[in-house]
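Working notes, structure below.
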């Protein structure tokens, strides 16, 4: 808790004209002074010298005397010289006079104004003094009525007085509500009964107290949830017996872990604490073996390196670094150079670019991007151009993708439209066209014959018997014929003679349906193949995102807040995380 109370500053104002006499009377070297003192008007005793130095006209002589015999600190001498031999606030002189004057709450503003005018207090202390004055004017009381720094510290050092002192500090604006809540939670004591920031920092920086301090913070819930999770990881690593790197605080550890001889130690701890995956640790160790202590441009940590490598001006530097460190193959590096640091629409990372290019409205943009950067083999480029043209115009029924066209042409009502489309676009070879037309003509003839019932008895049987009965001699689905077997030709003839016209009609119907189905399936298959061949492979097939040299990110710690992926930063960043440990 801050204890810069007004009384502290009052003592700096006391006895401006007699600082020398007051100081030397208490100085450790006053035994060296021999009366009478020639420099002080031949004063023959302490009281005479004090009276001599009370005179403003003797100020310079007294200051020089005190400085000569080291009766005042250099800070006190400098402060005394600033004030000179002037009277204090309200014309006060001497210890008692100025203390009494400035202890009066009605004179606080004047005393502070004097201190500010004469540059007696540093700006931060002056600001705190004003806060105290404002609190006192608002009705606040000094804790326990203390009137000096020592008395206030003694009073507030007693746990019984914690609440009173905290209330005053909060009223004076020295503590935030969060800090007040923390002090009230802990009773003003830290681990090992430490008190105050400096004392507790010193206690907890000792590795022997690390676990105790972490448990204290967790017990009193003194940190944000995201920091708590990381702290628990550190505690878990310590319990496993993994040694904490010999550094304290982020800045110190940044420097410590940047030294090649310390990197293995830092990587081992980071991996044990779960701040790095096994893969990342392996990459970091590889960097240590190569003597690489920082990323491109000296960046440290995933976030910093991503930000650096996101700048197009640093693209070549980052690619060269990744290639040298073994994070990218030569082929991947060349591809990255062609990419220029990002994909179509500025996308970064495999997932983001896939999502962007799978949207139909971005297909052409992605194709142009790949074409301009030479990402598509020449032999496939022409086919893709045809495909893009087809996608712009649309297929049968306006379909614009393989899935859409397949769904549309699988519908019987659209068969003829799809067939004509393939024919017009030259998607079917002349031989295939002739075969399909012959099949269609046969279908029409059979259907017409069935409808007009002009087929003579046995004619349909002779046309289709071989196909219809092939492999089914003596076999019929149960329930079709008595006994479950196929009648012989003689029996069929007999059945016709007996008037079994229904069988003939059923045979014709079945053969017609089967032939129609075969032709329809064959036509659909050929047409789909031709359309797909003309349209060319999809953009994803021609330029698979996997070709882009991006390593998949691994799961990171909360501090790592894993975090939008950069094309180059995601390659380099995870393996440099240890530098930002």
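In full-length UniProt numbering, the protein residues as written are 1 to 581.
By construction, the Cβ of each residue, glycine as well, lies at the ideal position given by its N, Cα and C atoms.
Because the structure is a prediction, the values reported are computed rather than measured.
Residue 35: buried (16+ other C-beta within 10 angstroms of its C-beta) or exposed? It counts as exposed.
Is residue 37 helix, strand or coil when you go by DSSP? Residue state, collapsed to three classes: strand.
Residue 348 classed as buried or exposed, judged by whether at least 16 other C-beta atoms fall within 10 angstroms: Result: buried.
Do residue 268 and residue 234 have their CB atoms nearer than 8 Å? Contact: no.
Helix or strand or just coil, what does DSSP make of residue 308? It is helical.
From what residue to what residue does the alpha helix (DSSP H) around residue 232 run? That run of the alpha helix (DSSP H) goes 225–239.
Helix, strand or coil: which one does DSSP assign to residue 299? Residue state, collapsed to three classes: coil.
Which whole runs of the alpha helix (DSSP H) in the segment 57–139 are 4 residues long or more, in chain order? Listed in chain order, the complete alpha helix (DSSP H) runs (minimum 4 residues) inside the segment 57–139 are 59–68, 74–83, 94–103, 108–117 and 123–137.
So, residue 90 versus residue 107, is the Cβ gap smaller than 8 Å? Yes, the pair counts as a contact, with Cβ atoms nearer than the cut-off.
With respect to the alpha helix (DSSP H) encompassing residue 184, which residues constitute its N-terminal and C-terminal limits? Here the alpha helix (DSSP H) through residue 184 covers 177–186.
Taking only the alpha-carbon atoms, compute the straight-line gap between residue 74 and residue 236 and give it to the nearest angstrom. Cα-Cα distance, rounded: 51 Å.
What number of angstroms, rounded off, separates the C-alpha of residue 126 from the C-alpha of residue 133? In a straight line, the C-alpha of residue 126 is about 10 Å away from that of residue 133.
If I measure Cβ to Cβ from residue 200 and keep anything under 6 Å in the same chain, skipping five residues before and after, which residues do I get? A distance below 6 Å between beta-carbons, with the five flanking residues on each side excluded, links residue 200 to the following residues of its chain, in chain order: 190 and 194.
Which residues DSSP lists as bridging residue 43, in chain order: In the DSSP assignment, residue 43 forms a beta bridge with 37.
How about residue 278 and residue 271: are their beta carbons less than 8 Å apart? Yes, the pair counts as a contact, with Cβ atoms nearer than the cut-off.
Pick helix, strand or coil for residue 248, following the three-state DSSP scheme. Three-state DSSP puts residue 248 in coil, outside helix and strand.
Between the C-alpha atoms of residue 475 and residue 423, what's the straight-line distance to the nearest angstrom? In this prediction, residue 475 scores a pLDDT of 45, lower than 50, which makes its location untrustworthy; the coordinate-derived value is nonetheless stated afterwards. Put simply, the backbone Cα of residue 475 is about 42 Å away from that of residue 423.
Report the residue from 62, 361, 224 and 311 whose alpha carbon sits nearest the alpha carbon of residue 39. Ranking the options by Cα distance to residue 39, first place goes to 62.
What would DSSP say about residue 425, mapped onto helix, strand or coil? For residue 425, the secondary structure class from DSSP, reduced to helix, strand or coil, is coil.
Scan the segment 259–290 and note each continuous alpha helix (DSSP H) run of 4 residues or more that stays entirely inside, going in chain order. Listed in chain order, the complete alpha helix (DSSP H) runs (minimum 4 residues) inside the segment 259–290 are 260–272 and 278–289.
In angstroms, rounded to a whole number, what distance separates the CA positions of residue 223 and residue 123? Distance between the alpha carbons of residue 223 and residue 123: 31 Å.
Residues near residue 397 in its chain [Cβ-Cβ closer than 6 Å; skip 5 each side]: Only 408 meet the Cβ criterion.
Sorted by chain position, which residues of the same chain lie with C-beta nearer than 8 Å to residue 319's C-beta, five sequence neighbours on each side aside? Contacts found: 328, 333, 336, 337 and 568.
To the nearest angstrom, how far is it from the Cα of residue 209 to the Cα of residue 369? Distance between the alpha carbons of residue 209 and residue 369: 58 Å.
Indicate whether residue 226 and residue 245 have their beta-carbon atoms separated by less than 8 Å. No.
If we ignore side chains and look at the alpha-carbon of each, how far apart do residue 374 and residue 519 end up? Distance between the alpha carbons of residue 374 and residue 519 is about 43 Å.
Suppose contacts are defined by Cβ-Cβ distances below 8 Å. Is residue 137 in contact with residue 172 by that definition? Cβ distance not < 8 Å, so residue 137 and residue 172 don't count as in contact.
Could you check where the alpha helix (DSSP H) with residue 201 kicks off and where it finishes? Looking at the DSSP string, the run of the alpha helix (DSSP H) that includes residue 201 is 197–204.
Grab me the residues of residue 256's own chain with a C-beta within less than 8 Å of its C-beta, minus the 5 sequence neighbours each way, in chain order. Here the set comprises 245, 246, 247, 262 and 266.
Just mark residue 202 as buried or exposed, buried being the case when its beta carbon has 16 or more other beta carbons within 10 Å. With fewer than 16 other Cβ atoms within 10 Å, it is exposed.
Buried or exposed: which applies to residue 220, given that a residue is buried once 16 or more other Cβ atoms fall within 10 Å of its Cβ? Per the 10 Å Cβ criterion, exposed.
Euclidean distance between Cα positions of residue 162 and residue 187: Looking at the backbone, the Cα of residue 162 and that of residue 187 are separated by about 7 Å.
Using 8 Å as the threshold, is the C-beta distance between residue 152 and residue 142 below it? Cβ distance < 8 Å, so residue 152 and residue 142 count as in contact.
Could you work out which residue in 317, 287, 181 and 291 is closest to residue 297 when comparing CA atoms only? Comparing alpha-carbon positions, the option among 317, 287, 181 and 291 lying closest to residue 297 turns out to be 317.
If you measure between the beta carbons of residue 365 and residue 345, is that distance less than 8 Å? Here residue 365 is near residue 345, since their CB atoms are less than 8 Å apart.
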